[in-house]
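Q: Mind having a look at this structure? Questions to follow.
Number of protein chains: 2
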Amino acid sequence: MSVHFRKLALIGIGLIGSSIALAARRQGLVEVISIATRKQETLDQARDLELGDIYTLDAAEAVRGADLVILCAPVGAYEEIAKAIAPALSPGAIVSDVGSVKAHVVKVVAPHLPDTVSFIPGHPIAGTEHSGPAAGFAELFAGRWCILTPQPGASTADAEKLAAFWEGMGSNVEIMEAAHHDMVLAITSHIPHLIAYNIVGTADDLESVTKSEVIKFSAGGFRDFTRIAASDPVMWRDVFLTNRDAVLEMLGRFLGDLSVLQKAVETGDGPALESIFTRTRAIRRSIISAGQETAAADFGRPHEAPPAPAIPFVREHGGGDDA
Amino acid sequence: MSVHFRKLALIGIGLIGSSIALAARRQGLVEVISIATRKQETLDQARDLELGDIYTLDAAEAVRGADLVILCAPVGAYEEIAKAIAPALSPGAIVSDVGSVKAHVVKVVAPHLPDTVSFIPGHPIAGTEHSGPAAGFAELFAGRWCILTPQPGASTADAEKLAAFWEGMGSNVEIMEAAHHDMVLAITSHIPHLIAYNIVGTADDLESVTKSEVIKFSAGGFRDFTRIAASDPVMWRDVFLTNRDAVLEMLGRFLGDLSVLQKAVETGDGPALESIFTRTRAIRRSIISAGQETAAADFGRPHEAPPAPAIPFVREHGGGDDA
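Chains as they are written, first to last, in the working numbering: chain A, 1 to 323; chain B, 1 to 323.
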C-alpha cells in the first residue's frame with residue numbers, strides 16, 4: 001500500500017522522533033516535516049541535522065495544516081501538549097504518539113482533542129540506549145513491531161493509513177487494546193528496565209567490591225544490563241509513573257519466581273536449578289527465529305584478535321606426544 | 001614475556017576449553033595439546049574440529065607428562081577429576097582451571113593434589129551464550145580479564161608463567177584471593193544470570209500475555225536478558241550450588257534496593273525514580289572506556305534497511321510549507 005502524508009508534525013525530536021523524520025523522508029512517505037520542541041537547543045540541533053522543513057518552539061504552530069501529528073516527547077509532557085495543539089489541529093488529521101505506555105496516554109490526551117481528528121496512539125518497539133535528535137537513524141524500525149491502539153472515533157481507514165505509514169518505514173504493525181499493550185510492555189520492557197537499573201545501582205553501592213572491579217569484570221554478564229540501564233532517565237521515570245498497576249503486577253510475579261529460585265539456592269536444590277535454567281534457551285531461539293534478535297554469539301559484539309605470536313613455534317622433538 | 005608449555009592437558013572441551021586450545025595453538029604457547037572428555041561424543045567432536053593432538057576418555061592418561069593442566073569441565077565434576085588425575089600428575093606441573101567459582105574449587109581439588117604441583121585456580125571473564133567444543137574461537141579472551149588465585153605452595157615463578165600464558169592469548173591478568181573472587185563474580189556475573197533466568201521464566205509462565213507476544217515485542221528490552229539466560233544450564237547449576245553464600249548476600253542487596261524502587265513506583269515518587277535512573281549511565285560509560293564493552297548502539301546489533309520506497313516522492317505543490 002502506498003501512503004503519503006502532506007504534512008507530518010513531530011512534537012519532540014529525540015531518538016524516536018528523529019528516526020521517524022529520517023525514515024519517513026527517505027521512504028517518501030511525507031511531503032513536509034514540521035518539528036516542534038520545548039527547548040531552543042534541541043530545535044537548533046534538529047535544524048543542524050536537517051531533520052525537517054519547519055522548526056518552531058510553538059507546538060500549535062507545528063501542527064497547523066498537518067494531516068499526521070505524532071507526539072514524540074516524554075509522556076509526562078503529553079497533557080500540556082494536547083491542550084496546546086487542540087485548537088490548531090486540522091479536521092481529518094490523524095493524531096498519534098510513540099509513548100511506551102498507552103492507557104495513561106489515552107486518559108490525558110483524548111479529552112482535549114476535537115472530535116474531528118482520529119486519535120490512534122502508537123508505540124514502536126524499537127530503540128537504542130542513546131537519546132536525543134542525533135541518535136536517530138532511518139533503519140531503527142525495520143523488522144521491529146509497532147503497536148497501534150485506535151480510539152473510538154478513529155476511522156478504520158485512518159488506522160490503515162497509519163499502519164501503512166509504519167510499514168513504509170519497515171515495521172510490522174499490530175493492533176491491540178491500550179490496557180493490554182500496557183500489560184505486554186510491562187513484562188517485555190518495563191520490568192527488564194527496572195531490574196537493569198536496579199542491579200547497576202546495587203553494584204555501584206557495594207563496599208566489598210570496588211567500582212573498578214565491577215567495571216573490569218563486567219563481561220561476566222553485568223555489562224549486558226548496563227545497556228538498557230543507560231536509557232533516557234526522564235522517559236523511564238514517566239513510564240513508571242504512568243504504568244504503575246501493570247508494572248507492580250508483573251514485578252510481583254517476578255519477585256514470586258525469584259523467591260523460588262532463592263530457596264533453591266539456599267537449599268542447594270540442583271535438579272530444580274537445572275530444570276529452571278534449561279527451559280529458558282527455547283525462548284531465545286524463538287526470538288531469533290522471529291527475526292527479533294541476531295543469531296550471532298554475544299549479540300555480534302566485536303571480538304579483537306589476540307596479539308601476534310611472540311616467537312614462531314619450533315618443534316624441538318620430532319615426536320610431539322606425551323612420551 | 002615469551003612462554004611455552006611442552007604439553008597442555010585440557011580436561012573438558014566446551015566453549016572455554018576449545019577456545020584455549022585454538023588460542024594457545026595459534027599463539028604458539030604450547031607444543032602438544034591433549035584433550036580428555038567424559039563422553040565419547042564430545043571427544044569425537046573435538047577430534048573432528050582438530051582441537052588437539054591427543055584424545056582420550058581417561059583424564060589421568062591426558063595429564064601424564066603435561067606441564068600445564070587446565071580443568072575445563074563443569075565445577076561439579078572437579079573433585080572426581082582431581083582424584084583421577086592426582087597419581088598421574090608430573091612433578092612441577094601447574095594445575096589450573098576455568099571455573100566460575102574459586103573457594104569451592106580450592107576446597108574440593110586442593111586436598112587431592114600432590115605437593116609437587118603448583119595449584120593456581122583461574123577464571124577467564126569471557127564467554128558467549130553458546131556452549132560445546134564447536135562454540136570456541138581463538139579471539140574469545142582478547143581484551144578480557146583472567147583472574148588467578150594462586151594457592152599456598154604454588155611458586156611465584158609458576159604464577160607468572162601461567163599469567164604469561166593468558167596474556168599470550170590476549171588476556172589481562174589479575175591476582176586475587178579466592179573468596180574475594182567469589183564476591184566480585186557474584187555481583188558481576190552470578191546475580192545477573194540468576195535474574196535473567198528468572199525473568200525469562202516469569203515471562204514464559206504468564207497467562208495474561210502470550211508467549212507469542214513476549215517474542216514479538218522482546219526488542220523493548222526483554223531480549224537482552226535472554227542471551228545470558230541461554231547459557232549452559234549444568235554449568236550454572238553448579239555455580240549456584242557452589243557459591244551459595246556470596247550469591248545469597250548479593251541477592252539480598254539486590255532485593256533490598258528493588259524494594260526501594262518498588263516503593264517509589266507505588267507512591268509515584270518521580271524525583272526518586274529519575275535520580276536512580278540518572279546515575280547508572282556513568283557506569284556504562286566507564287565500562288566502554290575500560291575496553292570491556294562496545295561503544296556501538298544496541299551492542300552493535302545489525303539493523304536491516306527499510307524497504308525500498310514505493311514511489312519516488314513528487315512534490316505536487318511548488319511550495320512545501322504549511323500554507
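Just so it is clear, CB atoms sit at the ideal spot from N, CA and C, and this is done for glycine as well.
#1: What residue range does the alpha helix (DSSP H) around Ser231 of chain B cover?
#2: Spatial neighbours of Glu174 of chain B within its chain, please: C-beta separation below 8 Å, excluding the five flanking residues on both sides.
#3: If you measure between the beta carbons of Ala33 of chain B and Gly52 of chain B, is that distance less than 9 Å?
#4: If the criterion is Cβ atoms closer than 9 Å, does the pair Ser118 of chain A and Ala93 of chain A meet it?
#5: Return the residues of the region 191 to 208 of chain A that lie within a Cβ-Cβ distance of less than 9 Å from chain B, sorted by chain order.
#6: Under 9 Å between the Cβ atoms of Ala66 of chain B and Lys7 of chain B?
#7: For Ile94 of chain B, return the contacting residues in chain A, with the cut-off set at a CB-CB distance below 7 Å.
#8: Please list, in chain order, all residues of the same chain as Ile276 of chain B whose beta carbon is under 7 Å from its beta carbon, the five residues on each side excluded.
#9: Could you compute how far the alpha carbon of Pro74 of chain A sits from the alpha carbon of Val95 of chain A?
#10: Please name the residue or residues paired with Ala23 of chain B in a DSSP beta bridge.
#11: Note down, in chain order, every chain B residue with its Cβ under 7 Å from the Cβ of Val247 of chain A.
#12: In chain order, what residues of the same chain lie with their CB nearer than 7 Å to the CB of Val3 of chain B, ignoring the 5 residues before and after it?
#13: What do you get for Leu68 of chain A, buried or exposed, if any count of 16 or more other CB atoms within 10 angstroms of its CB means buried?
#14: Closer than 9 Å, CB to CB, is Gly221 of chain A near chain B or not?
#15: With a Cβ-Cβ cutoff of 9 Å, do Ile125 of chain A and Phe299 of chain B count as a contact?
#16: In chain B, what lies closer than 7 Å to Trp236 of chain A by C-beta?
#17: Ordered along the chain, which non-local residues of its own chain (more than five positions away) have a Cβ less than 6 Å from that of Val109 of chain B?
#18: Quick check: the Cα distance between Glu304 of chain B and Gly127 of chain A, rounded to an integer number of angstroms?
#19: Report yes if the CB atom of Ala229 of chain A is closer than 9 Å to the CB atom of Ile199 of chain A, and no otherwise.
#20: What does the alpha-carbon distance come out to for the pair Pro87 of chain A and Ser18 of chain A?
#21: Could you check the C-alpha separation between Val314 of chain B and Glu31 of chain A for me, to the nearest Å?
#22: Just how far apart, CA to CA, sit Asp204 of chain A and Lys39 of chain B?
#23: Below 8 Å CB to CB, which residues in the same chain sit around Met250 of chain A once its five sequence neighbours on both sides are set aside?
#24: Using the Cβ count rule (16 or more neighbours within 10 Å means buried), how would you classify Lys263 of chain A?
#25: Quick one: grab the DSSP three-state call for Ile125 of chain B.
#26: Chain A partners of Leu251 of chain B, CB-CB under 7 Å?
#27: Strictly below 9 Å CB to CB, what residues from chain B border Glu292 of chain A?
#28: How would you write the range of the alpha helix (DSSP H) that Leu261 of chain B sits in, first residue to last?
#29: Answer with yes or no whether the minimum CB distance from His104 of chain B to chain A is below 9 Å.
#30: Please classify Arg281 of chain B: does DSSP put it in a helix, a strand, or coil?
#31: Would you please verify whether the beta carbon of Thr226 of chain B is less than 9 Å from any beta carbon of chain A?
#32: Pull up the distance between the alpha-carbon of His180 of chain B and that of Gly12 of chain A, whole angstroms please.
#33: What does DSSP give as the partner residue(s) for Asn172 of chain A in the beta ladder?
#34: Taking just the CA atoms, how far does Ser208 of chain A sit from Ala196 of chain A?
#35: For Ile70 of chain B, which option in B:Leu43, B:Ala36, B:Leu57 has the closest C-alpha, if you only look at C-alpha atoms?
#36: In chain order, which beta strand (DSSP E) runs of at least 3 residues are fully inside the region 48 to 81 of chain B?
A: On the basis of the supplied data:
#1: Element bounds for Ser231 of chain B: n/a, residue is neither H nor E.
#2: Trp145, Cys146, Ile147, Leu148
#3: For the record, residue 33 of chain B in the displayed sequence is Ile; it is not Ala. Result yes, Cβ atoms of Ile33 of chain B and Gly52 of chain B sit closer than 9 Å.
#4: yes
#5: Ile191, Pro192, His193, Leu194, Ile195, Ala196, Tyr197, Asn198, Ile199, Val200, Gly201, Thr202, Ala203, Asp204, Asp205, Leu206, Ser208
#6: yes
#7: Within 7 Å Cβ-Cβ: nothing; Ile94 of chain B doesn't reach chain A, min ~16 Å.
#8: Leu261
#9: 16 Å
#10: Answer is none; Ala23 of chain B lacks a bridge partner.
#11: Val265
#12: Leu29, Lys161, Ala164, Phe165, Gly168
#13: buried
#14: yes
#15: no
#16: Phe277
#17: Tyr78, Ala82
#18: 14 Å
#19: yes
#20: 25 Å
#21: In this predicted model, Val314 of chain B has a pLDDT of only 42, less than 50, meaning its place in the structure is not dependable enough to derive any value.
#22: 43 Å
#23: Met183, Ala186, Ile187, His190, Ile191
#24: exposed
#25: coil
#26: Gln262
#27: Going by the sequence as given, residue 292 of chain A is Gln instead of Glu. Those within 9 Å of Gln292 of chain A in chain B are Ile215, Lys216, Phe217, Ser218, Ala219, Arg223.
#28: 244 to 267
#29: no
#30: helix
#31: yes
#32: 48 Å
#33: A:Trp145
#34: 21 Å
#35: B:Ala36
#36: 54 to 56, 68 to 71
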